[in-house]
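To keep things clear, I will list the structure first and then write my remarks on it.
Numbering (our numbering), first residue to last: 691 to 1009.
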């Protein structure tokens, strides 16, 4: 048995174990989420034996080191730090090592390229994939927050009408809701309990979540604290506006869904067609590959394809 075959078997076994570990981690995460849902509707706390009790609070949020936060996509503040948990860091590290190893093997075995060049290429490819993956997770987290805002406002209105103060209403939202918005309200409630002004804490939460309804919530609380008034009635109207905005956004998504998928198809069809041609006939470009205009032609085609992707994205993007 050759050394290359042994090495390939070891790499395949390692990748299989990595996939099993990731699947097991996702199963545990899903089980914890279901336990939280059951606990919410049964009225008991969703804490395990090793989890902190409801009286214990966390003084810092888990996330990446501050010195490389600026490298992460978007506005990577406390909101995105909460999304980038220890589990996500382990998965990102595993994916980086996996992609780097595969690229090194392919470059060295098939293309006879130096292992060092393969390692650098694998690291760059891992960084690009990881960047867009985390950007997608951040966007998904913001959408989940936006979907939960009307329910949170409803709960705040009910809490205010039974006589609870604003800080207690925020704490109730953080305890009763599930998802990233509950985490943000819980973080805001803890900051208020540590001595921060409620208006300032709400404005910071609105900036983290990048949600207009939460900014209106902070403005309403600021006006009520300075001039007085019926805050519950104002927030009830704000909740109705937030629900109407969500309905409009969903209608816009349904109208532009066909155009978005058409744009994606037109953008990625040339790449897929080229890959299929090379797979069927590897010598398809052999007659012109040694010509001096071949590389500039590829650069022009790649530039036009990139411009097409950006233009199609601009056409179907509606604010």
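Note that CB positions come from ideal geometry on N, CA and C, so glycine has one too.
Would the beta-carbon of residue 910 fall within 7 Å of that of residue 904?
As a working mapping, residue 910 is identified with position 220 in the chain shown. As a working mapping, residue 904 is identified with position 214 in the chain shown. No, the Cβ-Cβ distance between residue 910 and residue 904 is not below 7 Å.
Counting only runs that start and end within the region 799-852, where is the alpha helix (DSSP H) found for 4 or more residues in a row?
805-851
Three-state secondary structure assigned by DSSP to residue 954:
Counted from its first residue, the chain shown places residue 954 at position 264. Residue 954: helix per DSSP, three-state reduction.
Residue 919, DSSP secondary structure in three states:
As a working mapping, residue 919 is identified with position 229 in the chain shown. Reduced to three states, the DSSP call for residue 919 is coil.
Is residue 867 helix, strand or coil when you go by DSSP?
On the chain shown, position 177 is the one that residue 867 refers to. The answer is coil: DSSP assigns residue 867 none of H, G, I, E or B.
Once the 5 residues before and after residue 859 are set aside, which same chain residues still bring their CB inside 7 Å of it?
Position 169 of the chain shown, counted from the start, is the residue given in the question as residue 859. Cβ neighbours of residue 859 beyond the five flanking positions: 846, 849 and 850.
Please classify residue 878: is it buried, with 16 or more other beta-carbons within 10 angstroms of its beta-carbon, or exposed?
In the chain shown, the residue the question calls residue 878 occupies position 188. Classification of residue 878: buried, given that the 10 Å Cβ count is 16 or more.
For residue 767, three-class secondary structure by DSSP
Within the chain shown, the letter at position 77 stands for residue 767. Low per-residue confidence applies at residue 767: pLDDT is 46, beneath 50, and the placement is therefore not dependable enough to give any value.
For residue 834, tell me which candidate among 964, 963 and 900 has the shortest Cα-Cα distance.
Along the chain shown, read from residue 1 onward, the residue named residue 834 stands at position 144. The residue with the shortest Cα to Cα distance from residue 834 is 900.
Helix, strand or coil at residue 979 according to DSSP, with G and I counted as helix
Here residue 979 refers to the residue found at position 289 of the chain shown. Residue 979: coil per DSSP, three-state reduction.
Three-state class that DSSP yields for residue 761 in the structure shown:
Counted from its first residue, the chain shown places residue 761 at position 71. Caution applies to residue 761, whose pLDDT of 48 falls short of 50 and renders its modelled position unreliable; the value that the coordinates give is listed next. Residue 761: helix per DSSP, three-state reduction.
Three-state class that DSSP yields for residue 876 in the structure shown:
Against the chain shown, residue 876 aligns to sequence position 186. Residue state, collapsed to three classes: helix.
Does DSSP put residue 1010 in a helix, a strand or coil?
An answer regarding residue 1010 cannot be provided, because it is not within the stretch 691 to 1009 covered by the chain.
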